[in-house]
Structures are given as C-alpha cells and as structure tokens.
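Just so we're aligned: 34 in UniProt numbering is position 34 of the sequence shown, and the numbers increase by one with no gaps anywhere. Glycine is no exception: its CB is placed at the ideal position from the N, C-alpha and C atoms. All figures in this text were calculated on a predicted structure; none of them were measured in a lab. A quick write-up on the structure given underneath.
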Amino acid sequence: MAGNGSGSGGSSSPPCASCKLLRRRCTQECVFAPYFPPEDPHKFAIVHKVFGASNVSKMLQELPAQQRADAVSSLVYEANARVRDPVYGCVGAISYLQQQVSQLQVQLALAKAEILCVQMQQNDGHHGHSTAALSSTKQQQLQLQMDGEAYQSLIIQNGLMNTLNSAATHQQQVLNSLGSGGSTTMMLQEACLKKESLWA
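Below you can see the structure in the form of structure tokens.
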C-alpha cells in the first residue's frame, strides 16, 4: 500500500499513479493505491480521462473491497475501448461479437436442416414407400422445424437492434442476406432439393 507522498520523507513508498498524476498526498487510506501502482501511470491516466477521478473514487468506495479489483479492470477496459471508439466504446465490440453468434446460429439451423433432408432420403430409400402424401407431410414438418430455428436466430438479431443503435446497420445487412421469413423457407427448401438430387 502506498505511503506518504514524495515530500514526506525518503523512506516512504512512492505515491500511487492517481495521486502522482493529481499531485496530491497519497495516504494509507487512498482508495486508488491498491489498483493503480506508480509503475503503470497510463492505467489511471486513461481511466481519469474517460470517467474522471472523483467518479471512480465514489464508485470504488461504494463497492465491497472484494469487488473493487474487478471493477477497476472493467473500467480500464471500457476506457481503452472508448478511446479507440469514441462513439460506441466497448458496446460496439460486444455488439459485433453478439452479431457473430447470431450468424453462427443461423448457419447451424441451416446445417441441421440439411442433415434432416439427408435422413429423410435415407429413410425413404430403406423402407421403399416414399409416397407423395408422406413426402408432403414430412416436408411440412421439416419446414416447421427449420423455420422455428431460423426464427429464433432472427429474434436474437432483432433484440440486438433494439438494444444498440450502432449494431443496426450490421444487423440489417445480416437480415437482408437472410431475407424475410418466406425467403428463409425457400432457402431451406432449396437445400432439401439439392440433397434430394444427390440421393436420388
């Protein structure tokens, strides 16, 4: 823990990065000392620039001691993200990752649909009674299952659009690539038709 400032004696430890930057005396009760060591002045400087020292001090004092280290790590990350992206900060990075998750969920739904198409063709070939009525019923069941998974993925994307304006443009591109619910069904039907031609 930091001791007194440099003017209080040669035996004392150097002030923390906060007290050094703000040019004030660093006491044993300094709330910044455990988290902003003097050898890393940039860590506090960027937090102070984005949030302000007084706001950070109030925040740390309101938290239990065991949660302060995590809070400081979060503040440092958010401050660095805000400097890199002054408009959206870390929210932009989070939105980008959530968008990737949504895209992968859609791809997973399409892959499951193709697997079901293959299984249908194999079952029809083994039993030898792939009538038109049975095929139509299976197609309807398959479409319902595929549309349900694709719809869940689209709901996630729409939720991201409501929570973050910055993600709207990117998510619109994803939605445009997928199209409406009807075109999604057409994409899944085309996947089934391709598999039917392979297994015919």
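Assumed close pair residue i, residue j - CB separation to whole angstroms, cut-off 8 angstroms
i, j, result
"tyrosine 35", "valine 72", "4 angstroms"
"leucine 21", "proline 37", "Rounded, the Cβ-Cβ distance is 12 angstroms, inconsistent with contact."
"phenylalanine 44", "serine 18", "5 angstroms"
Continuous alpha helix (DSSP H) stretch holding residue i: start and end
i, result
"phenylalanine 44", "41-50"
"residue 223", "As displayed, the chain neither begins before 1 nor continues past 200, which places residue 223 out of reach and without an answer."
"cysteine 19", "17-22"
"alanine 33", "First-last for alanine 33: undefined, no H or E at that position."
Exposure label - residue i; buried when at least 16 CB within 10 Å
i, result
"valine 56", "buried"
"alanine 79", "buried"
"valine 174", "Its pLDDT being 40, under 50, valine 174 is placed unreliably by the model, and the measurement read from it follows with that caveat. With 16 or more other Cβ atoms within 10 Å, it is buried."
"leucine 75", "buried"
"glutamine 99", "buried"
"alanine 111", "exposed"
"alanine 65", "exposed"
"alanine 167", "Note that alanine 167 scores a pLDDT of 44, beneath 50, so its modelled location is shaky; the value from the coordinates is reported in the next line. Buried: at least 16 other Cβ atoms inside 10 Å."
Straight-line Cα distance separating residue j from residue i
i, j, result
"valine 83", "leucine 63", "25 angstroms"
"aspartate 124", "leucine 116", "12 angstroms"
"proline 15", "arginine 23", "9 angstroms"
"alanine 133", "methionine 120", "Confidence at alanine 133 is low in this model, with a pLDDT of 48, below 50, so its placement is unreliable and no value can be given for it."
"serine 102", "tyrosine 88", "20 angstroms"
"methionine 59", "alanine 81", "19 angstroms"
"alanine 93", "glutamine 122", "44 angstroms"
"glutamate 39", "leucine 108", "48 angstroms"
"serine 54", "valine 31", "11 angstroms"
"cysteine 90", "glutamate 29", "31 angstroms"
"valine 106", "aspartate 85", "29 angstroms"
"aspartate 70", "alanine 33", "15 angstroms"
"isoleucine 46", "valine 118", "56 angstroms"
"glutamine 61", "leucine 104", "42 angstroms"
"histidine 48", "arginine 68", "16 angstroms"
"threonine 27", "tyrosine 77", "27 angstroms"
"arginine 25", "serine 13", "12 angstroms"
Heavy atom of the ligand GDP within 7 angstroms of residue i beta-carbon
i, result
"proline 64", "The ligand content of the structure shown is nil, which means the ligand GDP is not present either."
Check your understanding: Which whole runs of the beta strand (DSSP E) in the region 58-92 are 3 residues long or more, in chain order?
Key -> Complete beta strand (DSSP E) runs here, min 3: none at all.
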